[in-house]
Amino acid sequence: MLQDSGDAGENTEFTAPRDPVGVTASAVKPAIDFESHRYRDMIGRSLLNKGNNVRLKRAIEKAKNGEPVVIAYIGGSITHGAGAVPIHLQSYAYRSYESFKFMFALSKDSPIHLIKAGLGGTPSELGIVRYDRDVLRGGAVQPDIVIIEFAVNDADDETQGKCYESLVLKALTADNKPAVILLFSVFENDWNLQDRLAPVGWHYDLPMVSVKDAVVDQFNKTKGEGNVISKKQFFHDIYHPTNIGHRIMADCLEYLFDVTNRSEWDEKDHDIEKAPLIGNEFVNVKLLDRKNGNHIARIDAGSFCKTDTDLQMAEMDAHDYGTPQFPNNWMRTGEGKEDQSSFRISLQCKRLILIFKDSGNDEFGTAHIKVDGVFVQKVDPRQVNWTHCHATLLLNEEHVGEHSIEIEMAEGHEHKCFTILGFGYVDKPKTDSHSYVRRKREWN
Numbered sequence: 010m011l012q013d014s015g016d017a018g019e020n021t022e023f024t025a026p027r028d029p030v031g032v033t034a035s036a037v038k039p040a041i042d043f044e045s046h047r048y049r050d051m052i053g054r055s056l057l058n059k060g061n062n063v064r065l066k067r068a069i070e071k072a073k074n075g076e077p078v079v080i081a082y083i084g085g086s087i088t089h090g091a092g093a094v095p096i097h098l099q100s101y102a103y104r105s106y107e108s109f110k111f112m113f114a115l116s117k118d119s120p121i122h123l124i125k126a127g128l129g130g131t132p133s134e135l136g137i138v139r140y141d142r143d144v145l146r147g148g149a150v151q152p153d154i155v156i157i158e159f160a161v162n163d164a165d166d167e168t169q170g171k172c173y174e175s176l177v178l179k180a181l182t183a184d185n186k187p188a189v190i191l192l193f194s195v196f197e198n199d200w201n202l203q204d205r206l207a208p209v210g211w212h213y214d215l216p217m218v219s220v221k222d223a224v225v226d227q228f229n230k231t232k233g234e235g236n237v238i239s240k241k242q243f244f245h246d247i248y249h250p251t252n253i254g255h256r257i258m259a260d261c262l263e264y265l266f267d268v269t270n271r272s273e274w275d276e277k278d279h280d281i282e283k284a285p286l287i288g289n290e291f292v293n294v295k296l297l298d299r300k301n302g303n304h305i306a307r308i309d310a311g312s313f314c315k316t317d318t319d320l321q322m323a324e325m326d327a328h329d330y331g332t333p334q335f336p337n338n339w340m341r342t343g344e345g346k347e348d349q350s351s352f353r354i355s356l357q358c359k360r361l362i363l364i365f366k367d368s369g370n371d372e373f374g375t376a377h378i379k380v381d382g383v384f385v386q387k388v389d390p391r392q393v394n395w396t397h398c399h400a401t402l403l404l405n406e407e408h409v410g411e412h413s414i415e416i417e418m419a420e421g422h423e424h425k426c427f428t429i430l431g432f433g434y435v436d437k438p439k440t441d442s443h444s445y446v447r448r449k450r451e452w453n
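Just add 9 to the spot in the sequence shown (first one is 1) and you have the working numbering.
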């Protein structure tokens, strides 16, 4: 752990946590000295912003007192654990959760719980739709710490950061006031979206950890110049970390935990009543699928009457088995010659996100989308060619109104398959950050 120097600044020393389930340094060639000053300095560079510490210190104190603490992670494939073997024990999420327990738990039996909700190939545009289901578990869970990792996935966010800031605010404005940490991972080509997303963290003074800031600069140095780890050692492929890469990400989060633990308490909590930096239009988004759809909207499924069971899978939490994503779906199989009718849904909303299944199966075909009788776009589930969840924005209006959506197969694709996984919809009046918080207080 960090050694106490009486100050929680950048000069504090860091020692990486024990490795209860991972490979040892001797298994890496050339060996990485996890105890060296260079390694500690590299990890220290990851602390982009200490941020307001009130909420994170509160979670740490709960752990020290033996109270229940829930640490939740939401993000893309890196949060899922891609590149780690085994994925459920070597992901940065599991390892940093283990580090938190090792550092602060009152005993080995302390009730510190992990929520891991990473899903490969998905941006915050889908993350915010999943948040209530996959992190809050339908209201059954109130996390004390929420770590958000979409820095390498949000190139596909059509809202250009509005869904990301809305997700941050959705977590930050929860009644139990969780600590929200922004984590910025990086690709092998040194790219991420930190320049777009970090300003949201600065705006609300959130703790921020940048893996890019930690590792990229030293990648291009020789050992004599200060290199600690090579790209080949850090990356499993051009996108995902190795076990060692996941360990480094976990060590970066542990460094934040330790610096926060040894810092004095800030006087005030985050200022969440200020106007949003990019946008908060999707804070109140909710999931509509086959399970609840008929209670929310008028639906005529037409020939989309089957249920797809060949779905994207993700190992959630600390599970070693995959959980199918969006099982309550509408699938069109393209079988038969009589029923080629379209899927129709009408509902009161002002923003609407369609979630459909991408597939590598050539039995799937292109669909046309109409909103209020007007063609808006075509969606091709074969564009990426692997089975995963895809989000696309259909409607983004200022005011709530009655809207109808029709999904039909494109010409020449009438006998192809298509799966509607669900929708994310917003039906509440527009609020700014200040009035959103005020309304929550009035409700309570």
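For every residue, glycine included, the Cβ atom is placed at its ideal position computed from N, Cα and C. Since the model is a prediction, treat every value here as computed from it, not as a measurement.
Ignore the nearest five residues each way along the sequence and tell me which others in Val155's own chain have a CB closer than 6 Å to its CB. Taking the sequence shown and counting its residues from 1, one reaches residue 155 at position 146. The residues are Ala81, Ala180, Pro187 and Val189.
Is the segment 377-387 touching the segment 325-332 in the sense that three or more CB pairs, one from each, lie closer than 8 Å? no
Look at the Cβ atom of Val79, then the Cβ atom of Ile121, and state whether they are nearer than 9 Å. Counting from one through the sequence shown, the residue named residue 79 turns up at place 70. Counting from one through the sequence shown, the residue named residue 121 turns up at place 112. Cβ distance < 9 Å, so Val79 and Ile121 count as in contact.
Determine the DSSP secondary structure at Gly248, reduced to helix, strand or coil. Translated into positions along the sequence shown, residue 248 becomes position 239. The amino acid at residue 248 is misidentified as Gly; the sequence shows Tyr. The answer is coil: DSSP assigns Tyr248 none of H, G, I, E or B.
Given 8 Å, three or more beta-carbon pairs between the segment 196-210 and the segment 242-255: yes
Would you say Asn337 and Thr316 are within 9 Å of each other, going by their C-beta atoms? Residue mapping note: residue 337 aligns to position 328 of the sequence shown, counting from 1. Residue mapping note: residue 316 aligns to position 307 of the sequence shown, counting from 1. Yes, the pair counts as a contact, with Cβ atoms nearer than the cut-off.
What residues are listed by DSSP as bridge partners for Cys398? Residue numbering aside, residue 398 sits at position 389 when the sequence shown is read from its first letter. The partner list for Cys398 (beta bridge, DSSP) reads Lys366.
Proximity of Ile429 and Val237 at Cβ, strictly below 9 Å: Against the sequence shown, residue 429 aligns to sequence position 420. Against the sequence shown, residue 237 aligns to sequence position 228. No, Cβ-Cβ distance for Ile429 and Val237 is not below 9 Å.
How about Leu356 and Ile287: are their beta carbons less than 9 Å apart? Within the sequence shown, residue 356 is the residue found at index 347, counting from 1. Within the sequence shown, residue 287 is the residue found at index 278, counting from 1. Going by C-beta atoms, Leu356 is not nearer than 9 Å to Ile287.
Determine the DSSP secondary structure at Leu9, reduced to helix, strand or coil. Coverage of the chain is limited to positions 10 through 453, which leaves residue 9 absent and any answer about it impossible.
Distance CB(Gly468)-CB(Arg47) smaller than 9 Å: One cannot answer for residue 468 here, as it falls past the ends of the chain, which runs 10 to 453.
Nearest residue (CA-CA) to Tyr140, options Leu98, Ser105 and Ala183: Walking along the sequence shown from the start, residue 140 turns up at place 131. That would be Ala183, whose Cα lies nearest to the Cα of Tyr140.
Gly331 - DSSP class collapsed to helix/strand/coil: Indexing the sequence shown from 1 puts residue 331 at position 322. DSSP places Gly331 in strand when its eight states are reduced to three.
Should the segment 250-265 be called in touch with the segment 105-113, which here means at least 3 C-beta pairs below 8 Å? Below 8 Å, enough C-beta pairs join the segment 250-265 and the segment 105-113 to call them touching: three or more.
For the beta strand (DSSP E) holding Leu57, just list the boundary residues, first then last. As a working note, residue 57 is residue 48 in the sequence shown. Counting along the chain, the unbroken beta strand (DSSP E) around Leu57 starts and ends at Leu56 to Asn58.
Bounding residues of the alpha helix (DSSP H) (the contiguous stretch that carries Val225): Indexing the sequence shown from 1 puts residue 225 at position 216. If you look at Val225, you'll find it in the alpha helix (DSSP H) that goes Val220 to Phe228.
CB contact flag (Tyr434, Cys358, <9 Å): Looking up residue 434 in the sequence shown gives position 425. Looking up residue 358 in the sequence shown gives position 349. Yes, these two residues count as a Cβ contact at 9 Å.
Comparing C-alpha positions only, which one of Ser133, Phe193 and Phe113 sits nearest to Asp204? Along the sequence shown, one-based indexing puts residue 204 at 195. Per the Cα distances, Phe193.
Does any heavy atom of the ligand MG sit closer than 8 Å to the C-beta of Gly147? Only the bare structure without any ligand can be found here, which leaves the ligand MG out of the picture.
If we count the other Cβ atoms within 10 Å of its Cβ and call it buried at 16 or more, is Arg307 buried or exposed? One-based indexing of the sequence shown puts residue 307 at position 298. Exposed is the call here.
Does Gln392 pass the burial test, meaning 16 or more other C-beta atoms within 10 Å, or should it be called exposed? Counting from 1 along the sequence shown, the entry for residue 392 is found at position 383. Exposed is the call here.
Alpha carbons only, please: which of Ala223, Gln321 and Asn293 is nearest the one belonging to Lys366? Your numbering for residue 366 matches position 357 in the sequence shown. The option with the nearest alpha carbon to Lys366 is Gln321.
If we require 3 or more residues per run, which beta strand (DSSP E) segments fall completely within the segment 368-430? 376-380, 383-388 and 397-418
Assigned exposure category for Lys59 - 16 Cβ within 10 Å defines buried: Here residue 59 refers to the residue found at position 50 of the sequence shown. Buried, because 16 or more other Cβ atoms sit within 10 Å of the Cβ of Lys59.
Three or more C-beta pairs under 8 Å: does that hold for the segment 94-102 against the segment 48-58? no
Can you name, in chain order, every residue of its own chain whose Cβ lies under 7 Å from the Cβ of Gln227, other than the five neighbours on each side? Position 218 of the sequence shown, counted from the first residue, corresponds to residue 227. Hits under 7 Å: Met51, Gly235, Asn236 and Val237.
Near His279, which residues of its chain fall below 7 Å by C-beta distance, leaving aside the five closest residues on each side in sequence? Position 270 of the sequence shown, counting from 1, holds the residue named residue 279. Same-chain partners within the cutoff: Asn61, Leu181, Tyr213 and Asp214.
Taking Ser413 as the reference, give the member of Arg353, Gly343, Asn289 and Glu290 with the closest Cα. Position 404 of the sequence shown, counted from the start, is the residue given in the question as residue 413. Its Cα nearest to that of Ser413, the residue Arg353 stands out among Arg353, Gly343, Asn289 and Glu290.
CB contact flag (Pro132, Ala102, <9 Å): Counted from its first residue, the sequence shown places residue 132 at position 123. Counted from its first residue, the sequence shown places residue 102 at position 93. Contact flag unset, no.
Would you mind working out which of Val409, His255, Ala68 and Ser368 sits nearest His89, comparing C-alpha positions? The residue you call residue 89 lines up with position 80 of the sequence shown. If we check each option's Cα against that of His89, His255 comes out closest.
Here's a check: name, in chain order, each residue in its chain whose Cβ is nearer than 7 Å to the Cβ of Gly18, leaving out the five neighbours to either side. Start at 1 with the first residue of the sequence shown, and residue 18 comes out as number 9. For Gly18, the predicted structure reports a pLDDT of 35, less than 50, and the residue's modelled location is therefore unreliable. A value from the coordinates is still provided. Contacts found: none.
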